[in-house]
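With the working numbering applied, the sequence shown closes on residue 1575, and no number is skipped along the way.
C-beta atoms are modelled at their ideal positions from N, C-alpha and C, and glycine is treated no differently.
Small disclaimer: the values here were computed from a predicted structure and weren't measured.
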Amino acid sequence: MSEKKIPSRADGSLRGGMALLALLAGACAADVGSEVGATEGALISRGTRFGGGTLPVLEPGEGIPRAPAQVAIVDRQTASITIRWHDASEVEASYEIWRHGEGEPLAQIATLPAEDGGFPTFADSGLEPDTAYCYQVRARNAEGVSYSSPTCAYTRAEDDIPVWRAQVRITTADLPTALTVDPRDGGTVDAVSVRLNSPPWAGYAPSGHVSWLDYGGRDFEDGQTRTWDVALNTIDQQHDITLLQLEKAPGHDPVCIEDLRLLVNIRDQVLDDATEGVFHRHFGDTEDTCLWLTDEHPTFTITHEELRADPNWHSAGYGRPPVFTRTEIEATIATIVANLLADIPEAHWGALQGDRYVEATRRSNDTLSIDLDLEGDAPIDDPDIDLDFDLVFSADHEAVVITAVNLVASVEFSWLTEVLGALLPCGPIVSVIEDEGIPDCVAYLEDYIAERIQASWAPIRISIDPTQPICGPGLVPQPSVTELGDVQIDCVAEPPIVLDRPELTPAIRLFARRG
1061 MSEKKIPSRA DGSLRGGMAL LALLAGACAA DVGSEVGATE GALISRGTRF
1111 GGGTLPVLEP GEGIPRAPAQ VAIVDRQTAS ITIRWHDASE VEASYEIWRH
1161 GEGEPLAQIA TLPAEDGGFP TFADSGLEPD TAYCYQVRAR NAEGVSYSSP
1211 TCAYTRAEDD IPVWRAQVRI TTADLPTALT VDPRDGGTVD AVSVRLNSPP
1261 WAGYAPSGHV SWLDYGGRDF EDGQTRTWDV ALNTIDQQHD ITLLQLEKAP
1311 GHDPVCIEDL RLLVNIRDQV LDDATEGVFH RHFGDTEDTC LWLTDEHPTF
1361 TITHEELRAD PNWHSAGYGR PPVFTRTEIE ATIATIVANL LADIPEAHWG
1411 ALQGDRYVEA TRRSNDTLSI DLDLEGDAPI DDPDIDLDFD LVFSADHEAV
1461 VITAVNLVAS VEFSWLTEVL GALLPCGPIV SVIEDEGIPD CVAYLEDYIA
1511 ERIQASWAPI RISIDPTQPI CGPGLVPQPS VTELGDVQID CVAEPPIVLD
1561 RPELTPAIRL FARRG
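Next comes the structure, spelled out in structure tokens:
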């Protein structure tokens, strides 16, 4: 019998470029021991980590300088990376910039004169595109040297394209005995997340992407193929995707994956079972060949190098989308809600109250109405949570902008649940039911959901190809919502300038029009 493809702990770690961070840290530890001795090395190792607070500033004559703090990446280009740090000492004689790149040893690349406080910067140039580099800043004087924690970044790619949609498609193996099926949700709803670049604590840029694969209904049934939209936070360009990592939350049923695909900028009209995407990995459809995600082996990672090695990596087209279909918009909203629910143990997708768990319908020429069906958890009677809001579409020559307004959350629950006072095990309590001393967790849950929806949608701009304006000269883009709920972009004649200032003379009107 062949061996099961159960990911090892090494597979679950962020391999590839992130190994640079470990190598740099190890090299620096050895360097400290050789320069300042064990006792001083122990002191220096207390330098502030990336993103942390600052340490007290040393006065002149107090010995080894404090380590530079808050080292951060402030700019990434195809051939350069700019770093910035906080000068945490006043006794250093100089700064040293050390770098470790892929396939090259740790080496000092620059020496800079000391600055008295502030945030010095250094721009490193002549770099390879789409490549990871790690940096460390050292403060040196005659008594010794201290160093920052390393921080790393990928340069941008030369052939990068904007990303307006990213999806993960997973086929689970048809193994009826593999999963312990929960009668309500299959046991794996809310349980699997995808990461497209490093977590913030890893010290890499770009970083911070995570998205939960959780639509309404059962997400990971045996023998099922399903495609999830993922959030685009920290993903502006295709090469901001520096890894593909799946992780199963502890305590949920195992998942056995037969096929995994990453899709970029795919329209619903062309999406079918044969769509390869920019990355495709087939594992197998038997218990011994499929990829298992279990409590013992919860993660699996596709590295930066593996993604770029896929023959389809460079096949993604951008294409200015003339229409955002209703199903695409509903999928984006479902992703926002999935990430919201992952942080609210008191709420989950509810019973289907219509054709879809997320329903978008036309309200006006520029507005969609959104209806969500959620539930809260209660000991006796789970209350229905009805969440409604509107999406207003506008556009300029560079992007379509979507704004969430008119958020209304309502909860229906039985009088018995309210009287018993055991509504929801919520954390922060914002009010108490009058005269009863009962935590009003329902009100807290309503407010929290509404605030998260607003915060999640606020930064979303569906970008258009920056090299091509949406409309030609004399025309302006105008989104319009069709009866089917699709949003199309029309180019209409630019309206004339209307000045409602009758006190202006005709000559001044003409001047104002030209301005």
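Measuring CB to CB, does A1553 end up less than 8 Å from G1534?
yes
Just checking R1422 against the ligand SAM - is the residue's beta carbon closer than 7 Å to any of the ligand's heavy atoms?
With respect to small molecules bound, the structure shown includes none, and the ligand SAM cannot be examined in it.
Taking the beta carbon of G1163 as the centre, do at least 16 other beta carbons fall within 10 Å, making it buried, or is it exposed?
exposed
Endpoints, beta strand (DSSP E) assigned at H1160
1154-1161
Could you check what DSSP says for T1114 in three-state terms: helix, strand or coil?
Here the model assigns T1114 a pLDDT of 39, short of 50, so the residue's position is not dependable, and the following value carries that caveat. Here T1114 sits in coil by DSSP.
Give me whichever residues DSSP pairs with N1201 in a beta bridge.
G1204
Alpha carbon to alpha carbon, how far is Y1195 from V1131?
9 Å
Cβ neighbour criterion (16 or more within 10 Å) applied to L1432
buried
Which residues in the same chain as P1310 place their Cβ atom closer than 6 Å to its Cβ, once the five residues preceding and following it in sequence are excluded?
D1355
Please name the residue or residues paired with V1254 in a DSSP beta bridge.
S1271, L1306
Helix, strand or coil: which one does DSSP assign to S1375?
helix
If you draw a straight line from the alpha carbon of D1219 to that of N1372, how long is it in whole angstroms?
14 Å
Leaving out five residues on either side along the sequence, give the residues of the same chain with a beta carbon under 7 Å from the beta carbon of R1386.
A1420, L1544, G1545, D1546
Here's the rule I'm using: 16 or more other beta-carbon atoms within 10 Å means buried, otherwise exposed. How should G1263 be labelled?
buried
For V1461, which of helix, strand or coil comes out of DSSP?
strand
Evaluate A1334 with the Cβ neighbour count: other Cβ atoms within 10 Å of its Cβ, from every protein chain shown; 16 or more gives buried, anything less gives exposed.
exposed
I need the DSSP call for A1291, collapsed to helix, strand or coil.
coil
Am I right that A1376 and V1338 are in contact with their C-beta atoms under 8 Å? What's the rounded C-beta distance?
5 Å
Would you check if there are 3 or more beta carbon pairs closer than 8 Å linking the segment 1278-1285 to the segment 1193-1207?
no
Taking the C-alpha atoms as reference points, what is the distance between T1427 and C1350?
44 Å
Please classify P1443 as buried or exposed, where buried requires at least 16 neighbouring CB atoms within 10 angstroms.
buried
Express the C-alpha separation of D1289 and R1416 in angstroms, rounding to a whole number.
16 Å
Tell me where the beta strand (DSSP E) around T1392 begins and ends.
It is not in any beta strand (DSSP E) - T1392 instead sits in the alpha helix (DSSP H) that spans 1386-1402.
Using the three-state DSSP reduction, which class does V1330 fall into: helix, strand or coil?
helix
Option in Q1305, D1234, S1271 with minimal Cα separation from R1008:
The first residue shown for the chain is 1061 and the last is 1575, placing residue 1008 beyond what the model contains.
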